[in-house]
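Everything on this sheet refers to the single structure shown next.
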Amino acid sequence: MRIGLVGAGRIGTFHASTLAQLDQVETLVVTDAFPEAAARLATERGWETAESVEDLLGRVDGVVITSATASHGEILRQSALAGVPTFCEKPLALSLAETIDVVRVVEESGTPVQVGFQRRFDEGYRAAKQAIDSGELGFLHTVRLNTNDQSPPPAAYIPTSGGLIRDCNVHDFDILRFLTGREVVNAYALGANKGEDFFAEGGDVDTAAALLTLDDDTLAIVSATRYNGAGHDVRAEVMGSEGTVGVGYDESLAVRSAEPGAVSPTAQKWSYMERFQPAYRSELTAFTEVVAGSRPSPCTVRDALAAFRIAEACEQSRIKGQPVALSDIGTIAP
Ligand SMILES: NC(=O)c1ccc[n+]([C@@H]2O[C@H](COP(=O)([O-])OP(=O)(O)OC[C@H]3O[C@@H](n4cnc5c(N)ncnc54)[C@H](O)[C@@H]3O)[C@@H](O)[C@H]2O)c1
């Protein structure tokens, strides 16, 4: 099959390499707001380029959107209305209003769309879900999740990102729903800036923490930072009345035990691409199956809206300095 790629930046370049390794993918067609970026990526590898999204959509079986978040909504509406199965990186848009509009357009179009929450394809998270679903953990009381980036992205990325909570914690919010099968009803979040000035100048924070209540009274503690010199650190701990499981407690663990004599897993610092490489490959393999029509989307625009609403509640809570009920966050009818 022929796959289009819109956005030849960091994750676009990485996804393009992964897609090119899949047997099902015959070739890629690349476009970018900067034609030289598309050409740089495509010509090295013998792939095609397209002058515009419209041009690209007419030449592919499926499209992968890896452009800046602010552009996702417009491109996704275009691909959905053209009936081209689409994989779109998270989040769907910078604002809740546009996210809702995109969900409406996609659902009315009937075009299959998969959103890039790759943790759903990570073997550790899947095993944790199995442990929860099997009942072996008893009833859940607490879930702890974190997304700690090793170092900040380029300063220019921050104003285009939607902020740390919408950009990074949105992964935690999606996986929280995936793991527990429950919905968040209440959020209280705090943010802080101890790093470079460009976060505060853009109205963002470099570190955030949130307390969430789920609709079955499970509590979740979620945090993120752009400064984690020990390495990219993404973990989950799911604690129940009968047992606890942890995700990310393998050779990727970016924590050195302070206990004398304790063996820490590794001294290696992983990037998010190394940490999630198998998951990215699995999610893109799943997308080729969505394009082929052999499976429904494993992560829908509704899922993306649900995760974004939690991010929105946290962002509002951080700014107001008080808890926010999810029932006060806009949505659309089921
Ligand atoms: N799932 C993940 O783990 C993960 C990881 C990184 C980034 N992302 C998401 O991927 C997206 C891109 O992130 P990045 O780090 O690669 O950013 P980036 O800035 O490195 O790259 C973005 C690219 O999109 C291009 N672009 C911008 N507007 C465009 C438009 N209208 N049409 C075509 N091209 C356009 C830019 O020229 C640039 O080449 C973001 O939405 C981000 O949230 C997801």
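For the sequence shown, numbering that gives the first Met the number 0 assigns the number 0 to the initial residue and increments by one for each residue that follows.
Idealized CB from N, CA, C, for every residue including glycine.
Query                                                                                                   : Result
Simplified DSSP assignment, three categories, for G72                                                   : helix
Beta bridge counterpart(s) of S234 as assigned by DSSP                                                  : Looking at the sequence provided, one finds Arg at residue 234 rather than Ser. Bridge partners of R234: N145.
Residues sharing a beta bridge with L210, DSSP                                                          : Y187 and I220
Straight-line gap, D22 to Y279 (C-alpha atoms, nearest Å)                                               : 16 Å
Selection from M272, Y156, I164 and V169 that minimises the alpha carbon distance to F116               : V169
D173 and A306 closer than 8 Å at C-beta                                                                 : yes
L4 - containing beta strand (DSSP E), residue span                                                      : R1 to V5
Rounded straight-line distance, which links the Cα of A324 to that of V62                               : 36 Å
Short Cβ contact (8 Å threshold) for G239 with F177                                                     : no
Check: K89 C-beta below 7 Å from any heavy atom of ligand 1                                             : yes
beta-carbon G8 near ligand 1 non-hydrogen atom, thresh 7 Å                                              : yes
Straight-line gap, S66 to D31 (C-alpha atoms, nearest Å)                                                : 8 Å
Per DSSP, the bridge partner or partners of A324                                                        : N185
Ligand 1 heavy atom lying under 7 Å from the CB of F177                                                 : no
Any non-hydrogen atom of ligand 2 within 7 Å of T330 CB                                                 : Ligands present in the displayed structure are limited to ligand 1, and ligand 2 is not among them.
Distance cut-off 7 Å: H231 Cβ against heavy atoms of ligand 1                                           : no
7 Å Cβ shell around A312 - same chain, five flanking residues per side excluded                         : A186, V323, L325 and I328
Sheet register partners of I64 (DSSP bridge)                                                            : V5 and C87
Exposure of I309, with buried meaning 16 or more beta-carbon neighbours within 10 Å                     : buried
Rounded distance between the beta-carbons of V114 and K298, thought under 8 Å                           : In the sequence as displayed, the identity of residue 298 is Cys instead of Lys. Their Cβ separation, rounded to whole angstroms, is 5 Å, which keeps C298 and V114 in contact under 8 Å.
For T85 and L4, the rounded distance between their alpha carbons                                        : 10 Å
Buried versus exposed call for F198 [16 or more other C-beta atoms within 10 Å across all chains shown] : buried
Heavy atom of ligand 1 within 7 Å of S270 beta-carbon                                                   : no
Residue from P158, A154 and L175 whose Cα sits closest to the Cα of G212                                : The sequence given here has Thr at residue 212, not Gly. T212 has its Cα closest to that of L175, out of P158, A154 and L175.
C-beta atoms of A188 and I164 nearer than 8 Å                                                           : yes
Distance between beta carbons of H71 and A92, contact taken as under 8 Å                                : 6 Å
L40, enclosing alpha helix (DSSP H) - first and last residue                                            : P34 to R44
Cβ shell of A420 (< 6 Å), same chain only, five flanking positions each side left out                   : It is not possible to answer for residue 420, since the shown part of the chain is limited to 0 through 333.
Counterpart residues of G162 in DSSP-defined beta bridges                                               : G162 pairs with nothing; no bridge assigned.
Nearest-angstrom beta carbon gap, Y124 and A235 [assumed within contact, 8 Å]                           : 7 Å
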